[in-house]
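In what follows, a single structure is set out as structure tokens and then discussed.
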Amino acid sequence: MNKMKLYVFWGTLIWMVGINASCDRDYLAYEQEKDRIYFMPGSDIGTTTTIFEDWENSDTKQVAANFYVMGFPSPELRKINLEIVDTLTDAVEGQDYILEKELVMPVNEVSAYIPVITWKRRKEGDTRPDHLQVGLRLVENNHYLPTMSDTRIFLYNKTVPQKPWYWKEVVLGPWSPGLMYKIIEQYRSLKTTNVDVYNSIHRFMGDNFQASYWPSAVEYLVIKYVVTPVYYYYEEHPEPGVVVIPKPIYE
Numbered sequence: 131m132n133k134m135k136l137y138v139f140w141g142t143l144i145w146m147v148g149i150n151a152s153c154d155r156d157y158l159a160y161e162q163e164k165d166r167i168y169f170m171p172g173s174d175i176g177t178t179t180t181i182f183e184d185w186e187n188s189d190t191k192q193v194a195a196n197f198y199v200m201g202f203p204s205p206e207l208r209k210i211n212l213e214i215v216d217t218l219t220d221a222v223e224g225q226d227y228i229l230e231k232e233l234v235m236p237v238n239e240v241s242a243y244i245p246v247i248t249w250k251r252r253k254e255g256d257t258r259p260d261h262l263q264v265g266l267r268l269v270e271n272n273h274y275l276p277t278m279s280d281t282r283i284f285l286y287n288k289t290v291p292q293k294p295w296y297w298k299e300v301v302l303g304p305w306s307p308g309l310m311y312k313i314i315e316q317y318r319s320l321k322t323t324n325v326d327v328y329n330s331i332h333r334f335m336g337d338n339f340q341a342s343y344w345p346s347a348v349e350y351l352v353i354k355y356v357v358t359p360v361y362y363y364y365e366e367h368p369e370p371g372v373v374v375i376p377k378p379i380y381e
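Mapping to the numbering used here: the sequence shown position 250 is 380, numbers consecutive.
In structure tokens, the structure reads:
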């Protein structure tokens, strides 16, 4: 009887040790599991659309996307890997866009808005469709395992600069893209050269020199500090395609 009890005791002990070892292995396996990563929640394939606004004079435009981690923050930088999805892509890398060389989740963060792609402005004479796109898919690496919403389309819509609805020829002169860009450039320069004037105009014109209304006092400032310097600039540096504006009068 004592021998039977001894067998039962040792059998139970071995069974319990086995169970505990299994639990430890399961726990370690869970601890070693990679965090999940995905684009902004929503449909399986989301879309980020880009255009060059009328007031943008740059030939390139950087575009970012939201990334989310299903897991815990890390004290280390963690790389994010992407691959091009050929079936969702008709833009040409290098010609139409450039991908960021390295995407990294910031330290101690589980979400971030990270630059992904830089579009190049379409050139005149490009007869391809107005819409070009790049499909990008999250790829597993040492840090992350992709999960839901792992693919996103980055879409570029071609636009041609148009005369803005707010453009007042009696103040700004006959519209042309070159003149518009130069006026915006001169306006923004006031932020450092004459901040008081800039702030007075900015209340009505915003960052990109757009407004539906400005009072006569602001119109005076626009003519004197924005239009007049541009007028004299083109007097000394005429450019093809830029309409010459009449000499401004602000007295």
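Even for Gly, the Cβ is constructed at its ideal location relative to N, Cα and C.
query: Residue 374 to residue 238 span [Cα, whole Å]; result: 55 Å
query: Inter-stretch contact at 8 Å, needing at least 3 Cβ pairs: the stretch 231 to 249 / the stretch 186 to 202; result: yes
query: C-alpha gap between residue 294 and residue 342, whole angstroms; result: 10 Å
query: Every unbroken beta strand (DSSP E) inside the stretch 186 to 268 [3 residues or more]; result: 190 to 200, 208 to 215, 227 to 229, 233 to 235 and 241 to 250
query: The stretch 313 to 331 contacting the stretch 353 to 363, beta-carbon criterion three pairs below 8 Å; result: yes
query: Sub-8 Å separation of residue 264 and residue 312 beta-carbons; result: no
query: Length of the line joining the Cα atoms of residue 193 and residue 245; result: 6 Å
query: Sub-8 Å separation of residue 285 and residue 178 beta-carbons; result: yes
query: Separation of residue 168 from residue 385, as counted between CA atoms; result: Because residue 385 is not part of the residues shown, which for the chain are 131 to 381, the question remains open.
query: CB contact flag (residue 248, residue 289, <8 Å); result: no
query: DSSP-derived helix/strand/coil call for residue 331; result: helix
query: Exposed unless 16 or more other CB atoms sit within 10 angstroms - verdict on residue 221; result: buried
query: N- and C-terminal bounds of the beta strand (DSSP E) containing residue 168; result: 165 to 169
query: Completely contained alpha helix (DSSP H) runs for the stretch 293 to 340, where each covers 4 or more residues; result: 299 to 302, 307 to 323 and 325 to 335
query: Residue 358 in three-state terms, based on DSSP; result: helix
query: Which of helix, strand or coil DSSP assigns to residue 353; result: helix
query: For residue 364, three-class secondary structure by DSSP; result: helix
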